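Trainee: This is the structure I have questions about; it appears just below.
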Amino acid sequence: MSDFIGLAWLVVLLAVNAFFVAGEFAVMSARRSQIEPLADEGNKRAKIALYAMEHVSIMLAVCQLGITVCSLLILNISEPALHHLLEVPMTALGMPEQIADTAAFLIALVLVTFLHVTFGEMVPKNISVSVADKAVLVLAMPLVGVAKVLKPIISMLNGAANLFLKLFGVEPQDEVTSSYTAAEVRSIIDTSSQEGTLRNEHALRLTKALEFSTVTAASCMVRVDDLFTLEWGQTTAREFEKKVGKTGYSRMLITRDEVPVGYWHVKDVMLIDDAHSTAPLRDLPLHPLGVVKQDAEIEEALESMRQEGNHLSAVVDEAGHTIGVLFLEDIIEVLVGEISDSTQKRHAPPSKANGN
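With the numbering used here, the residue at position 275 of the sequence shown is 257, and numbering never jumps.
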């Protein structure tokens, strides 16, 4: 084989290697959410792409076999050709034959490695990852074709690899893990709402659920200065009932030295008889407040309140100082919209916020 044919083979083998590398990353990186709608519309390429994504272990075996064979052929055909092409002029220039042979070998090895890594690996990989959804539609069909032609070899290699994995307690996966990003889910919701398959109120609720994780306790809390509170040791049952009647709230925050320490529910005070209704409520147990950090995500705060059975939680800063109170109702409203307390008045809300 002439040296120039060897160089021609280098170009061909680099292209084939690039194909298998691109195919491997396309199958691994493509999103089912983008391919499935095309397949449902009858797109043949999309159906084949889904097949490839559902048989990922076979596709990877095909790609790895192709990459390995191409690499070996480049090493055994193209590198010697380039080596010889470089050695001849070096020898002609008077360089000792042994030195020329070694220098030509090293230069050829570096050049072939550079071309192989750059154009046979990195470039196709980056292109495939950047446009994975489009790449898999183009590359899946020839990949599946190669897999069918080489089925006996691929089955043997894949079976051997899976057996080896099972010996170490690893369960082989035949399908790429499918997941949707928040943007993709939001797009699905918007499309479903526009097409009428999802009611607007349901779409709004789902959209709020997606935005739920971006909300922190500090953004939902009521600041201490804006709270409607009663002072411990100075409030009587009668005064409490008047405040409930005036505000329409069923829970009242109780403070000590202007710091929220707990709350009373209207049901707690209703059990007090008239004879004690004018005495300060010092013996009535307080419902404790939970504690959440100001930068805690709203899911974390909700889970903490659920576990502790609290409807209200104090929000603290980095120094541990209470800067506000988080109400269960406010958290729920972030998700489902405006709700009302069972005793809350429909009109004329109070000027300050309080427990609902």
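C-beta: ideal position from N, C-alpha, C; glycine also.
Being a predicted model, the structure only gives us computed values, none of them experimental.
Out of I109, Q16, N140, state which residue places its alpha-carbon closest to the alpha-carbon of I40.
Mentor: N140
Trainee: How would you write the range of the beta strand (DSSP E) that P379 sits in, first residue to last?
Mentor: Nothing about residue 379 can be reported from this structure: the residues present for the chain run from -17 to 338 only.
Trainee: Since V92 and L64 should fall inside the 8 Å C-beta cutoff, what is the C-beta to C-beta distance between them, to a whole number of angstroms?
Mentor: About 10 Å separates the two Cβ atoms, so there is no contact after all.
Trainee: Should M138 go down as buried or exposed, given a rule of 16 or more other Cβ atoms within 10 Å for buried?
Mentor: Exposed, because fewer than 16 other Cβ atoms sit within 10 Å of the Cβ of M138.
Trainee: Are the CB atoms of T217 and D277 within a distance shorter than 8 Å?
Mentor: In this structure, D277 keeps its C-beta atom at 8 Å or more from the C-beta atom of T217.
Trainee: Which of the three DSSP states, helix, strand or coil, is assigned to H65?
Mentor: Under the three-state reduction of DSSP output, H65 falls in the helix class.
Trainee: What is the DSSP secondary structure of L(-4), reduced to helix, strand or coil?
Mentor: helix
Trainee: Does the structure place the segment 6 to 15 close enough to the segment 105 to 116 that three or more beta carbon pairs sit under 8 Å?
Mentor: yes
Trainee: Expressed to the nearest angstrom, what Euclidean distance is found between the alpha-carbon atoms of A330 and Q16?
Mentor: Since pLDDT at A330 reaches only 38, below the 50 mark, its modelled position is unreliable, and no value is offered.
Trainee: For E61 and D83, I'd like the C-alpha separation in whole angstroms.
Mentor: 13 Å
Trainee: For F309, count neighbouring Cβ atoms within 10 angstroms of its own Cβ and tell me buried if that reaches 16, exposed if not.
Mentor: buried
Trainee: Hey, could you find the ends of the beta strand (DSSP E) R233 is sitting in?
Mentor: That run of the beta strand (DSSP E) goes 233 to 238.
Trainee: Using the C-alpha atoms, what's the distance from I30 back to E36?
Mentor: 10 Å
Trainee: Helix or strand or just coil, what does DSSP make of P267?
Mentor: Coil at P267, not helix or strand.
Trainee: Quick one, are the C-beta atoms of L268 and A296 less than 8 Å apart?
Mentor: no
Trainee: Determine, using beta-carbon pairs with one atom in the segment 234 to 242 and one in the segment 202 to 222, whether at least three such pairs fall under 8 Å.
Mentor: Yes, the segment 234 to 242 is in contact with the segment 202 to 222.
Trainee: On the three-state DSSP scale, how would you describe S259?
Mentor: coil
Trainee: Only counting runs of 3 or more residues, tell me where the beta strand (DSSP E) segments fall wholly within the segment 201 to 227, in order along the chain.
Mentor: DSSP runs (the beta strand (DSSP E)) wholly in the segment 201 to 227: 211 to 213.
Trainee: Closer than 7 Å by C-beta to S324: which residues in its own chain qualify, once you throw out the five before and the five after it? Chain order, please.
Mentor: For S324, the predicted structure reports a pLDDT of 42, less than 50, and the residue's modelled location is therefore unreliable. A value from the coordinates is still provided. Excluding positions up to five away in sequence, the list reads S232.
Trainee: Beta-carbon separation of W(-9) and I59 under 8 Å?
Mentor: yes
Trainee: Could you tell me which of D172, F2, R13 sits nearest to Q46, measuring between CA atoms?
Mentor: Taking only the C-alpha atoms, the option nearest Q46 is F2.
Trainee: Let's test the definition: count the other Cβ atoms within 10 Å of the Cβ of L263 and tell me whether it reaches 16, buried, or not, exposed.
Mentor: buried
Trainee: Run through DSSP, which three-state label would A296 get?
Mentor: strand
Trainee: DSSP three-state call for G76: helix, strand or coil?
Mentor: Correct three-state label for G76: coil.
Trainee: For I254, does the three-state DSSP call read helix, strand or coil?
Mentor: DSSP places I254 in coil when its eight states are reduced to three.
Trainee: Between which two residues does the alpha helix (DSSP H) harbouring F146 extend?
Mentor: Taken as a continuous stretch (DSSP letters only), the alpha helix (DSSP H) holding F146 covers 133 to 149.
Trainee: Nearest-angstrom Cα distance between C52 and G102?
Mentor: 10 Å
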